[in-house]
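Have a look at the structure below before the remarks.
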Amino acid sequence: MTTRREFLVGSLGLAAAASGGFSTAAAAAPSYPIVDTHTHFYDPTRPQGVPWPGKDDKSLYRQVLPEHFAKFARPLGVTGTVIVEASPWVEDNQWLLDLAAKDPFVLGLVGNLPVGTPEFAGLVKRFAANPVFRGIRVNSSPLKAGLATKEYMDDIKRLADADLELDINGGPELLPLVDQVAKKLPGMRIIINHLANVRIDGPILNQEWLDGMKAAALHPKVFLKVSALVESAARDNRKVPQDSEYYAPILESVWKIFGEDRLIYGSNWPVSDRAGDYPLVLKIVTDFFQSKGATATAKFFARNAKAAYQYPDRAKS
1 MTTRREFLVG SLGLAAAASG GFSTAAAAAP SYPIVDTHTH FYDPTRPQGV
51 PWPGKDDKSL YRQVLPEHFA KFARPLGVTG TVIVEASPWV EDNQWLLDLA
101 AKDPFVLGLV GNLPVGTPEF AGLVKRFAAN PVFRGIRVNS SPLKAGLATK
151 EYMDDIKRLA DADLELDING GPELLPLVDQ VAKKLPGMRI IINHLANVRI
201 DGPILNQEWL DGMKAAALHP KVFLKVSALV ESAARDNRKV PQDSEYYAPI
251 LESVWKIFGE DRLIYGSNWP VSDRAGDYPL VLKIVTDFFQ SKGATATAKF
301 FARNAKAAYQ YPDRAKS
């Protein structure tokens, strides 16, 4: 159990890290574990290069590997990560699993496989043999089209039958799709990415988004990943708000809808760096969940991630 004193010490250390004289070596990490369930890793220096990001992306087109993330994230209390594959190249799933085999800091992989194709069944069988492979991510547009086809839905069912999860990414339009998939496959764990990428605008909340979240949350195995906060607040070239209170209305709304057992932490690093640094991302959610108590914080930062992804116990302390 986390004591109140330990909880506050960790929070104060993180607050110091996100403000003035930040030093990862000196910052006090929280006593509870933090699992970041949304990071991307890739290496443009490979002979085959990468399909994403593009060479013209000056912010992201660089070598980004687990050791680069762990170097600054571990001192902040991050004990492990779940990778979300952005590459459409099938063998890049294996490339990431090979990275994970060398680094127990990587807890799980959300892969990228061609749903609705003849090769899907064999690929799921192949990759699911590795316990680090936890499921796949799909985008809302192909999911919407695929819901009407037997081939696509048969493949989604194969995931569920293998006890793998489904990450879904897109805008607020993905929420009715989550509702439909959950009705068809009530036993499947589904994870909504990035708060459904709704624009974060202080106290102004999108009613259609709220209604969609409420419908999705009726299904007990649907989780919500609180990620891409700073990116969604920095749209239209706005300067990202630094005050955690700016994000409180949207966080309070999903807290009321999903409760303390189905919200999970993700950063979207390194993409998040475009809008704000990692200590800021972590501080925003820490400030909010601190107000909900130590138990809710421990669930948000690690326990709920374990329930959603069911990754193996492999991270070193």
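At position 76 of the sequence shown the residue is numbered 76 (the working numbering), and the sequence of numbers has no breaks.
We treat Cβ as the ideally placed atom computed from N, Cα and C, and that holds for glycine.
As the structure is a computational prediction, the values presented were derived from the model and not from experiment.
Residues in the same chain with beta-carbon distance under 7 Å from residue i, minus the five sequence neighbours each way, listed in chain order, please.
i           : result
residue 296 : 260, 289
residue 203 : 249
residue 178 : 168, 190, 192, 216, 222
residue 242 : 280
If we ignore side chains and look at the alpha-carbon of each, how far apart do residue i and residue j end up?
i           : j           : result
residue 76  : residue 168 : 28 Å
residue 277 : residue 46  : 27 Å
residue 314 : residue 79  : 10 Å
residue 51  : residue 89  : 8 Å
residue 283 : residue 122 : 42 Å
residue 287 : residue 306 : 22 Å
Relative to the C-alpha of residue i, which candidate in the options has its C-alpha closest?
i           : options            : result
residue 195 : 81, 205, 117       : 205
residue 101 : 88, 258, 66, 116   : 66
residue 263 : 93, 174, 88, 304   : 304
residue 186 : 197, 302, 165, 283 : 165
residue 143 : 190, 122, 126      : 190
residue 133 : 94, 148, 284       : 94
residue 157 : 140, 176, 182, 170 : 182
residue 34  : 58, 60, 85, 70     : 70
residue 230 : 222, 218, 245      : 245
residue 271 : 31, 64, 49         : 64
residue 86  : 161, 265, 137, 307 : 137
residue 331 : 227, 306, 237      : This structure does not reach residue 331, given that the chain is present from 1 up to 317, and the question cannot be answered.
residue 210 : 254, 267, 114      : 254
residue 208 : 125, 176, 163      : 176
According to DSSP, what are the bridge partners of residue i?
i           : result
residue 109 : 83, 133
residue 223 : 191
residue 36  : 81
residue 265 : 226
residue 204 : 201
residue 138 : 168
Need the endpoints of the alpha helix (DSSP H) that residue i sits in, please.
i           : result
residue 297 : 294-298
residue 278 : 278-290
residue 156 : 150-161
residue 210 : 207-217
residue 308 : 304-309
residue 63  : Residue 63 -> no alpha helix (DSSP H), and no H or E assigned at all.
residue 94  : 91-102
residue 179 : 174-184
Using C-beta distances below 6 Å, list every residue in its chain close to residue i, excluding the 5 sequence neighbours before and after it, in chain order.
i           : result
residue 312 : 131
residue 146 : 116, 152
residue 200 : 232, 233, 250
residue 174 : 140, 168, 196
Mind checking which residues open and close the beta strand (DSSP E) that includes residue i?
i           : result
residue 166 : 165-169
residue 254 : No beta strand (DSSP E) contains residue 254, which is instead part of the alpha helix (DSSP H) from 248-258.
Spatial neighbours of residue i within its chain, please: CB distance less than 8 Å, with the 5 preceding and 5 following residues excluded, ordered by chain position.
i           : result
residue 275 : 230, 231, 233, 234, 240
For residue i, decide whether its Cβ has a neighbour in chain D, counting only Cβ atoms nearer than 8 Å.
i           : result
residue 228 : Of the protein chains in the structure, only one exists, and it is not chain D.
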